[in-house]
Amino acid sequence: SRLALLLLCCISGALGRDLTIGGRAYIQSTSRWLPLYPVPRLPSVKEPSEPRNIHLSFGDTERDIVVTWSTVSKVSLPLARFRACSAPPHQPWQLATARSTKFVDGGPLKSAQWIHRAKLLNLSSGERYNYSVSSDGSVWYPVMEFRVPNVSQAQRSFAVFGDFGLANAQSLPRLLDDVTRQRMYDAIVHVGDFAYDMPDENGAVGDRFMQMLQPIASRVPYMTCVGNHEEKYNFSHYRNRFSMPGSSENFFYSVNIGPVHLVSISNEFYFFTNYGTAQLGRQYRWLDADLREANLNRTAAPWIVLIGHRPLYCSNNDSRDCDWGARTLRSGFNGHRWGLEPLIHKYGVDLAFWGHEHSYERTWPVHNGYLCSFIWHERVALNLLQLHAKCQLASSEAAQLKSIKPLQQLTSG
Ligand SMILES: [Fe+2]
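Residues -16 to -1, 1 to 397 in mature numbering (1 follows the signal peptide of the UniProt record, and there is no 0) are what the sequence shown spells out, letter by letter.
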C-alpha cells in the first residue's frame, strides 16, 4: 500500500507560535514578516433561512458522507439531495433529511443559528456525486460535487495542516487550486486552531471562516481535531460546527480511509482541566481500545495515523509547550496518568501530526525522548515487529549513542 501525503505547514503564513492574551491571538515571527493575505470576498447570505457554511466530512466509513450546513433561522424542512454523476438524467435525486440543532454563541449577543447534518450513507465506491441542500424542499442551493474514494485502490491523498486563520490564510489559493482544479485530495485534515477565533465578534468570525472554507470543504471531506483556540465556552463552536464520526462531539474518533486508520484526539483535554478530567479518562480508555483493535487490523488498514493539536515533541524556543506541555502529553499527569506515548508505542502508531507550533519539524521514530530507529516508514509491510523490537531497546541504544536527543540533532525543514 502506498500513502500519498502532502503536508502544508505553517499555513497561517507566520513562523513562530500562537498565543492568546485577553482573547486576542498573536503570531510571533521568528524569521521574516510575510505580507498578510486578505480575507477573500465571501458569498453574501441574504435570507436567514439560506444555507451557508456547507462542508463535508466522513461518517463511520469513507463511503458515508455527512453534509453539514447552517442557517440563521430555524427552517421547515432541512434536506440534502444527492445523485451519482454517472446516473441517467431522469433518475430521481435521493433525499436525506437533516438533523437540526440550535447553536447559541456564548458572547454577549447570544447569536443563534441552526446547524443541519444530513448523512449520505453507503455511497458507491469511486463514484462522483452531485448534491445540494435546501431549507424547505423546494428551493435548492446550487449543485455541488464530491467524489467517494475507490475502495479497491489502496492509495489515498491527504492535505494535512493546522493553525489556519480567517485573516492571512496564505495557503488558501493553493488549497483552492488543489481541490477545484487538480482534485488532489481524498480528505483534508486540519489539526486544530481555526479562524483565530471562531467565537470572536459573537461568532461572526467563525461564520466567515466557515464561509471561506466552503469552496474547499464542500468538495472534499474536512476532518478535524480541536486546538487551544477553540477553548472558549467549553469548545462550543468546535462541538457545534463540525460533524466528526463517533459520539464524542468531535473530540476523539477514528475512521478508516483506504489504508489509513485515522485517529483524532483532543490534546487540549490535558490543559483545560477546568472543564474536568473525566473526559480525559474517557478519551484515554477509548484510545487504548481503538488502537488495540486497529493494530489487529493491519491487513485492512496498515497505517495508523494519529492527529492532535499540541505536539508531543518539539524543539523550538516555546519552552512552555515544548517542555512542560509536551511532557504532560507524553507522560500524563504526575508522570503516570493518561500519558499518550506508551499507547503510541505499544500499538505502533506509524505517523503522528501535530499543529500549534508554527514551525516545521519532523523526527525519526522516537520513544521516551530517545531515538528509536533511523528507519523512516518508507513502507508499511516492512516488519513492524522489527521496528518495535528496536524501540524496546531505545534507552540503552540511545545511551550508547551518547544520549542523542532526536529533535535537536535530527530535524530538518
Ligand atoms: Fe494552538
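Backbone N, C-alpha and C fix where the C-beta goes; we use that ideal spot for every residue, glycine too.
Practice problem: Say whether the region 188 to 208 touches the region 67 to 83, bearing in mind that this needs 3 or more beta-carbon pairs closer than 8 angstroms, one atom from each stretch. | Solution: no
Practice problem: Give a yes or no on contact between the region 132 to 139 and the region 150 to 168, applying the rule of three or more CB pairs nearer than 8 angstroms. | Solution: no
Quiz item: Going by C-alpha distance, which of Gln195, Trp322, Leu271 and Cys298 is nearest Arg346?
Solution: Position 362 of the sequence shown, counting from 1, holds the residue named residue 346. Answer by Cα proximity: Cys298.
Practice problem: Please classify Val132: is it buried, with 16 or more other beta-carbons within 10 angstroms of its beta-carbon, or exposed? | Solution: Against the sequence shown, residue 132 aligns to sequence position 148. Burial call: buried.
Quiz item: Out of curiosity, what's the CA-to-CA distance linking Thr85 and Met182?
Solution: The residue you call residue 85 lines up with position 101 of the sequence shown. The residue you call residue 182 lines up with position 198 of the sequence shown. Distance between the alpha carbons of Thr85 and Met182 is about 18 angstroms.
Exercise. Examine the Cβ distances between the region 115 to 133 and the region 211 to 224 and report whether three or more of them are shorter than 8 angstroms.
Key: no
Exercise. Would you kindly work out how many angstroms separate the C-alpha atoms of Leu107 and Phe66, rounded to a whole number?
Key: Mapped onto the sequence shown, residue 107 falls at position 123. Mapped onto the sequence shown, residue 66 falls at position 82. Straight-line Cα distance between these residues: approximately 10 angstroms.
Quiz prompt | Identity of the residues DSSP links to Ile99 by a beta bridge | solution = Start at 1 with the first residue of the sequence shown, and residue 99 comes out as number 115. In DSSP, Ile99 forms a bridge with Ser54 and Thr85.
Self-check item: Test item: CB-CB of Ile291 and His245 under 8 angstroms
Solution: On the sequence shown, position 307 is the one that residue 291 refers to. On the sequence shown, position 261 is the one that residue 245 refers to. In this structure, His245 does not lie closer than 8 angstroms to Ile291 by Cβ.
Quiz prompt | Three-way DSSP call (helix, strand, coil) for Gln78 in this model | solution = The residue labelled residue 78 in the question sits at position 94 within the sequence shown. If DSSP states are grouped into helix, strand and coil, Gln78 belongs with the strands.
Quiz item: In angstroms, rounded to a whole number, what distance separates the CA positions of residue 398 and His340?
Solution: In this structure the chain extends from -16 to 397, so residue 398 is not present and cannot be described.
Quiz item: Between the region 223 to 240 and the region 264 to 284, do at least 3 Cβ pairs fall closer than 8 angstroms?
Solution: yes
Quiz item: Can you name the residues that DSSP bridges to Ala68?
Solution: Residue mapping note: residue 68 aligns to position 84 of the sequence shown, counting from 1. According to DSSP, which records beta bridges pairwise, Ala68 is partnered with Tyr113.
Practice problem: Measure the beta-carbon distance from Ala80 to Leu61 and round it to whole angstroms, keeping in mind my assumption that it falls under 8 angstroms. | Solution: Translated into positions along the sequence shown, residue 80 becomes position 96. Translated into positions along the sequence shown, residue 61 becomes position 77. So it is not a contact: roughly 12 angstroms between Cβ atoms.
Self-check item: Residues of its chain near His100, where Cβ-Cβ distance is below 6 angstroms and the 5 sequence neighbours each way are ignored
Solution: Start at 1 with the first residue of the sequence shown, and residue 100 comes out as number 116. Only Trp53, Pro62, Ala82 and Ser84 meet the Cβ criterion.
Self-check item: Residues passing the C-beta test against ligand 1 heavy atoms, cut-off 7 angstroms
Solution: Asp2, Asp147, Gly176, Asp177, Gly211, Asn212, His213, His293, Arg294, Gly339 and His340
Quiz item: Starting from Thr312 and walking both ways along the alpha helix (DSSP H), at which residues does that stretch end?
Solution: As a position in the sequence shown, residue 312 is number 328, starting the count at 1. Ala310 to Ser315 is the span of the alpha helix (DSSP H), which, as asked, contains Thr312.
Quiz item: Going by alpha carbons, who is nearest to Pro32 out of Met207, Ala171, Ala96 and Gln78?
Solution: The residue you call residue 32 lines up with position 48 of the sequence shown. Shortest Cα-Cα distance from Pro32 to any of Met207, Ala171, Ala96 and Gln78 involves Ala96.
Exercise. Please name the residue, chosen from His329, Asp184, Asn300 and Arg47, that lies closest to Gly90 on a Cα-to-Cα basis.
Key: As a first step, residue 90 is located in the sequence shown; it is residue number 106 there, counting from the start. Among His329, Asp184, Asn300 and Arg47, the Cα nearest to that of Gly90 belongs to Asp184.
Quiz item: If you draw a straight line from the alpha carbon of Lys58 to that of Glu129, how long is it in whole angstroms?
Solution: Locating residue 58 in the sequence shown gives position 74, counting from the first residue. Locating residue 129 in the sequence shown gives position 145, counting from the first residue. C-alpha separation (whole angstroms): 26 angstroms.
Quiz item: Hey, Asp147 and His342: beta-carbon distance below 8 angstroms or not?
Solution: In the sequence shown, residue 147 corresponds to position 163, counting from 1. In the sequence shown, residue 342 corresponds to position 358, counting from 1. Yes, the pair counts as a contact, with Cβ atoms nearer than the cut-off.
Quiz item: Under the three-state reduction of DSSP, which class applies to His39: helix, strand or coil?
Solution: For the purposes of this step, residue 39 is taken as the residue at position 55 of the sequence shown. Reduced to three states, the DSSP call for His39 is strand.
Self-check item: Three-state class that DSSP yields for Glu129 in the structure shown
Solution: Here the question's residue 129 lines up with position 145 in the sequence shown. Reduced to three states, the DSSP call for Glu129 is strand.
Quiz item: Among Tyr354, Thr257, Ile249 and Asn279, which residue has its Cα nearest to the Cα of Leu324?
Solution: One-based indexing of the sequence shown puts residue 324 at position 340. Checked all of Tyr354, Thr257, Ile249 and Asn279; the closest Cα to Leu324 is Ile249.
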